[in-house]
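A quick write-up on the structure given underneath.
Residue numbers (UniProt numbering): 1 to 513.
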């Protein structure tokens, strides 16, 4: 490769112990974790060096496996797996989720250890925020003293984001490293490195780096040291070779995508013959295209749907069709007030956790409709006059992009949730469209009979009766809530089925060999 002017700067491998032994034989040293030697001399040029990069995706899975099987680690206080299990149990009992992707497959990951997304979605800010919300806002006893666990999840989430950057247009630690953000990245790398060095198996136990389950944590330390060396060589020098460096280029995903494509062309066979591999590889070279399956580690970044022509007209289209063409600015500075209604439901029906989740969903509905409706009067009625000061799920999750709904929108969404719990959960129907068409009319009858959106009472007479903006606005809210809620319900029906395909995969494929 050196003869063809290809400059090799790094060598990536997964967490197999023989790979670390290979790195040591090449000249690396991992014995002293405070003085790691993560590079070796280039075989063709003694003036160059090659750094080693344990694949961050594999390291994240190993860290997840360690916490999931040991059940606890120790930093300044205990880091406990039970808080993740408690969050999953709470969300199952509420039949709603606190804006995260935690499911049974994330908690019971042992039959699907190879899926990177299960580890990445577990060590995420959304799970950390949900646990903190349950501890700080809901003050549930199951989440007391969970601060160390939240810190653990956030540090490894940010660490994985830093080693998975792809573009300079991303924000925070997800942005590719350049001279503009190199100090921020290095400061976090120093913080993460110090944090991992102080992790222990237990309060009085040895360091996690001295245990038998050290590979994932040691791998991240090696990645940190190697990344510093790469950035200092390619960017932070007198004659920089690169303007920015996307760390995703160091990942092992690229060769896994190639292997996934080979399996795809061979009918998803894990053990192709030499002839099958040659044919698949030749086809990939000729077509110069790699397409992986959605069930692998790689997930398509876009889902393009075929345009269709519906036979009905939506309520949003009715409102837009009967609104004069004006320039609308999506601003929250001029928002009309909405009347305060008494609570429709008592605490016996909806818990505080459920109310906060419905409030969060109502905010998403407001954001969705405000970007599609042209009528400024209708849009202004969706927002509150004053921003709530009390803590909510939105305040925990928002970084400036989330929206607070008006009390009217919130109460309508609560009506929808009650109808959903009273009717839909009793049926065994799995068709989301049938469920929406069956239950939305009854909710509309109840909602329209109440005094919602009093600021629109005069505005509703500005158009003909069939294009009443008040009715169609309520209808849009109800339909959008049911669409999200019922689709989520139907999706969970399929997710809750325990799949044994991964477990019996090799037994079925290789029976008789």
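The C-beta atom is built at its ideal place from N, Cα and C for all residues, glycine as well.
Item, Value
"Assign residue 495 to buried or exposed, taking buried as 16 or more other Cβ atoms, counted over all protein chains shown, within 10 Å of its Cβ.", "exposed"
"Looking at residue 79: is its Cβ nearer than 9 Å to the Cβ of residue 152?", "yes"
"If you count every other CB in all the chains shown that lies within 10 Å of the CB of residue 160, and 16 or more means buried, which is it?", "buried"
"Specify whether the segment 94–109 and the segment 40–47 touch according to this definition: at least 3 beta carbon pairs, one from each stretch, less than 8 Å apart.", "no"
"Return the chain-ordered ranges of every alpha helix (DSSP H) run that is complete within the segment 15–58 and spans a minimum of 4 residues.", "17–26"
"Just to confirm, is the Cβ distance from residue 162 to residue 188 under 9 Å?", "yes"
"For residue 13, report the span of its beta strand (DSSP E) as first-last.", "10–13"
"In the DSSP assignment, the alpha helix (DSSP H) including residue 161 goes from what residue to what residue?", "147–162"
"Below 8 Å on the Cβ atoms is my contact criterion, and I expect residue 87 with residue 127 to pass it. Report the Cβ-Cβ distance as a whole number of Å.", "7 Å"
"Rounded to whole angstroms, how far is the Cβ of residue 50 from the Cβ of residue 42, which I believe are closer than 8 Å?", "6 Å"
"My assumption, with CB atoms under 8 Å, is that residue 225 sits in contact with residue 36. Please give the rounded CB distance.", "5 Å"
"When the distance is taken between beta carbons, is residue 484 closer than 9 Å to residue 448?", "no"
"What is the DSSP secondary structure of residue 545, counted as helix, strand or coil?", "Residue 545 lies beyond the stretch modelled for the chain, which goes from 1 to 513, so this question has no answer here."
"Going by Cα to Cα distance, which pick from 416, 18 and 254 is closest to residue 442?", "416"
"Per DSSP, what kind of secondary structure is residue 200 in: helix, strand or coil?", "strand"
"Check whether the Cβ atoms of residue 96 and residue 413 lie closer than 9 Å to each other.", "no"
"If we call anything under 9 Å between Cβ atoms a contact, is residue 234 one with residue 9?", "yes"
"Do residue 13 and residue 5 have their CB atoms nearer than 9 Å?", "no"
"Please report how far the alpha carbon of residue 55 lies from the alpha carbon of residue 180, in whole angstroms.", "26 Å"
"Can you round the beta-carbon distance between residue 262 and residue 274 to whole angstroms, since I take them to be within the 8 Å contact cut?", "Residue 262 to residue 274, Cβ: 12 Å. No contact."
"Using a Cβ-Cβ cut-off of 7 Å (strictly less than) and excluding sequence neighbours within five positions of residue 306, which residues of its own chain qualify?", "With a pLDDT of only 31 at residue 306, under the threshold of 50, the placement of this residue in the model should not be trusted; the figure read from the coordinates follows. So no residue of the chain qualifies."
"With a CB to CB cut of under 6 Å and the five nearest residues on each side skipped, what residues in its chain are close to residue 403?", "363, 366 and 367"
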